[in-house]
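The sequence shown begins at 14 in this note's numbering and counts up one residue at a time. Glycine included, C-beta positions come from ideal geometry on N, C-alpha and C.
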Amino acid sequence: MEVGQGEWWLLNAIPETTCERGPFQCMKIGSKHRRDWCKLDQDKEYHGATCMTAPALGFFCTVRRVKYPVLVSMLLYFSACGEDGTSTKPQEDVVSDTGSDVGTADAGIDMAEVPEDTGETDNGLPDDVTGGDSLDLVEADMGPTCIPDCVGLQCGDDGCGGSCGTCSEFEQCKSGECICKPDCSGECGPDGCGGFCGSCEEGYGCTDSGCVCPLQCQGKQCGDDGCGGECGVCDLGLECIDSACICVGNCDGLGCGDDGCGGSCGMCGLGLECVSGQCTCVPKCDGKDCGDDGCGGTCGQCMSTDSCTNGVCTCVPVCTGKKCGDDGCGGQCGSCNANQVCDGAGQCVCIPDCVGKLCGDDGCGGSCGTCDAQSLCNDVGVCVCVPDCNGKECGDDGCESSCGDCELDETCNASGQCVEVCTGDCTGKSCGDDGCGGSCGNCSGTDACVGGQCVCVPDCIGKACGDDGCGGSCGGCSPLQACSGGQCVCLPQCNGAECGPDGCGGVCGTCNSQSQCVGGVCECTPDCIGKVCGDDGCGGTCGGCDPGLTCSAGACVCIPNCSGKFCGDDGCGGSCGDCEGGDQCVLGICTCTPECNGKVCGPDGCGNTCGSCAPTGTCQADGTCQYPTPKCSASYAFCTTWTDVTANAGPVIVNFASNFYSPKCLKVKSGTTVTLSGTFMFHPLDTYCQEVPVMSPKDSGNSASYVFAVPGYYNYYCVFHTPNVSNGTGMAGNIWVVP
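If you want it as structure tokens, here you go:
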């Protein structure tokens, strides 16, 4: 039966002459668990039956089966109410009126819509909505009828042989009111109605399972619980002393370190460290490549050419017997002069240098040539003329210059003296005496004055070659000689040669100790005696080393490599260091390895934790979480097995309809969100027991989500279908939350 919003549906008769807002009114018929008010309008509650909303049906009310033999009379009666809610016809007129007013517009009901009484549900609503009962509408007798009186009554006789309502299975009717029916199926505890079913003998307590021995574990971690059991078991390594789990230190076989209870088994002496309970010398090689490790061992060996200095291998220069060349450590044993070169034996060899020089030192103790008697060799190897004016006050100085000038009335005679001027006669003369002690002219160069004429006189005194001063020659030199300062000197023949004699008693160069001079060329002889690798002395190699080895002094040797490493293999069978404690060597670095095997909480040994316990949990010494004993029942809703969704990381849905929860027994992980999905108006939610307040009563909406963080049991039920703890009937759920 559908009722539009703002209208009411007649469920019982009311002997009143006025209406509040319409021609029909719902009456109270439900139990204390059902609603006492009928909501057919959005802004007002009406004392009446259980009213619900369905999308397809609009607003409707449900009630236990009630017979109405006077329906037509009641309709006639209520048709007297006008649209404003006031009475328009006295009551006696309504009772006796059998005319055609039934079904008029004032009545507001078309009698053709009233179904026949078939004994079955005929209101078009599901049993879940109506509670399994239906409203029987019977065509009324038009004669005098009994008007049911249920004002203020929830149940019992309506005065006309009918009923004002029925109570739920958990209630009983007393004086027209549904009151709680005590349930004492158990031997003790609450009866469900505010009373108690009985008491337990002295020393016993009442639980869901009946009278049980009370555990005497207050303030105890372990020991006797007073009922033949234990209050707890101590973790491994702990002993129960005076009902408390106490750690007892153990130093058997240990000389140092932790005794397992925060104490110490002893201290190590200077230079020793505690390793696995024993005082042990731990080598100290951090930053060292060689030398003592502090424990009688060594941090590594240096190559034969190196020495260990402060733990570092240092190259030792080798310059014995050498004046120049490589010292073996990237340095030099010395340097040669500008005109010297360093040979392969580390000796400086002089190379004569006469380029651009005619005289003087050749740089190697020899001479580049000699000057004539009147010349001297200057600093750059050139012969320079030296003026000769000894005893002379005028005249030629022998270097094409003058020893001085005479006065105007004087003239310079042949002896280089200034004498009085005589009018000389130089007719036909270009040189010689002018007859006055003067000169008719001087001859240049090596010319001599003969008969007043300058005649060139060859000058080869002391000369074996070269110009004679008159365009002639004082002599010639052999093809392998050159004329220098009037003397034939040997011309070194070193064109293209790097070694061997230069043809002048010298050499064109010297070869190193490993080379021989052959045809002016130094030919190197490879030297690999006693060598398997390295330079053969001739630009070649005596062989190569395997990967990981380095050539040193002609031998393949392994050079430890601990650069950037503090532990592990040094690449030569040695070690770059050992890790302390429980650290492991990873890529040369001592790394702490977390120890969380079988642990869910507590320290991991590396400064972090293996995890944490859920709220209310306590982390034990063995890394397990201990939780308080659940206060709620595990067997509520008769659960013996649970739908396990602990592996599900997302929200879990519990559906409810048709008077049961699915799944009703649910096992989830701490922190999981559980969503109850269904219509709470049909199945109002209430809680029976919770470890901590999470769920709350709810009687509207279609879903509710709750986050369960604290482990334990969470029991809940439907208010309309309250469970019976003795036989398992009703609508209940149990959520088991695990860490």
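Cβ neighbours of residue i in the same chain (closer than 7 Å, five flanking residues each side left out)
i	result
P755	Because the chain spans 14 through 752 in this model, residue 755 falls outside it and cannot be assessed.
C253	C235, G236 and C247
C363	N352, Q353, G376 and C377
D340	P330, V331, C332 and C346
S388	C396, V397, C398 and V399
G262	D272, G273, C274 and G276
G465	G441, K442, S443, C444, G445 and C453
G587	G313 and P573
Y217	C224, V225, C226 and P227
V432	E423, T424, N426 and G450
C402	D410 and C416
C349	C337, C355 and C361
C564	C546, G547 and C558
Whole-angstrom C-beta distance between residue j and residue i, which should lie under 8 Å
i	j	result
S675	S716	That pair is no contact at about 14 Å.
C274	C281	Rounded, the Cβ-Cβ distance is 20 Å, inconsistent with contact.
G408	G429	4 Å
D356	N525	5 Å
D596	C603	4 Å
G498	D385	7 Å
V707	Y719	5 Å
C321	C308	With 8 Å as the limit, C321 and C308 do not qualify as a contact, their Cβ atoms being about 17 Å apart.
C163	C177	4 Å
G584	G561	6 Å
Where the beta strand (DSSP E) containing residue i begins and where it ends
i	result
L166	Counting along the chain, L166 falls outside any beta strand (DSSP E), and DSSP gives it neither H nor E.
W655	Careful: W655 lies outside any beta strand (DSSP E) and carries neither H nor E.
T685	T685 to S690
N728	G725 to C731
Y719	S716 to F721
D460	D460 to V463
C425	E423 to C425
N668	V665 to A670
V12	Here the chain has residues from 14 to 752 only, and residue 12 is not among them.
K612	Segment: none, K612 is in no beta strand (DSSP E) and carries neither H nor E.
E184	E184 to K187
D699	L698 to Q703
T604	I602 to T604
C321	D319 to T322
Q231	Careful: Q231 lies outside any beta strand (DSSP E) and carries neither H nor E.
L562	L562 to S565
Cβ-based neighbour list, residue i, same chain, cut-off 6 Å, excluding 5 preceding and 5 following
i	result
C326	D302, C303, C315 and D319
G239	Q229
C292	G268, C269, C281 and L285
G369	none
Q633	D248 and Q639
Proximity of residue i and residue j at Cβ, strictly below 8 Å
i	j	result
G279	P296	no
C551	C537	yes
G290	C260	no
G746	Y729	yes
A427	D446	yes
L249	C258	no
C546	C558	yes
G553	P539	yes
G516	G533	no
C580	D591	yes
C201	C219	yes
K233	S256	yes
T383	C367	no
Cβ-based neighbour list, residue i, same chain, cut-off 8 Å, excluding 5 preceding and 5 following
i	result
F673	M744
V665	V658, L679, V681, T685, T686, V687 and T688
D306	P296, K297, C298 and C312
F693	K711, D712, S713, G714, N715 and A717
Q360	K335, K336 and C337
F209	C201, G202 and P203
Residue i CB to nearest heavy atom of the ligand NAP below 7 Å
i	result
P706	For the structure depicted, the ligand NAP is absent and the ligand set is empty, with no information on it obtainable.
Do the segment 699–706 and the segment 724–737 meet, that is, are 3 or more Cβ pairs less than 8 Å apart? yes
At least three beta-carbon pairs within less than 8 Å, the segment 480–496 to the segment 463–471: yes
Meets three-Cβ-pair contact criterion under 8 Å: the segment 324–336 and the segment 615–623: no
Is it a yes or a no for the segment 185–198 touching the segment 160–169, going by three-plus beta-carbon pairs under 8 Å? yes
Is the segment 415–427 close to the segment 490–506, with three or more CB pairs under 8 Å? They do not touch, by the three-pair rule.
Count the C-beta pairs between the segment 383–400 and the segment 429–444 that are closer than 8 Å, then say yes if the count reaches three, no if not. The segment 383–400, when compared against the segment 429–444, does not touch it at the 8 Å Cβ threshold.
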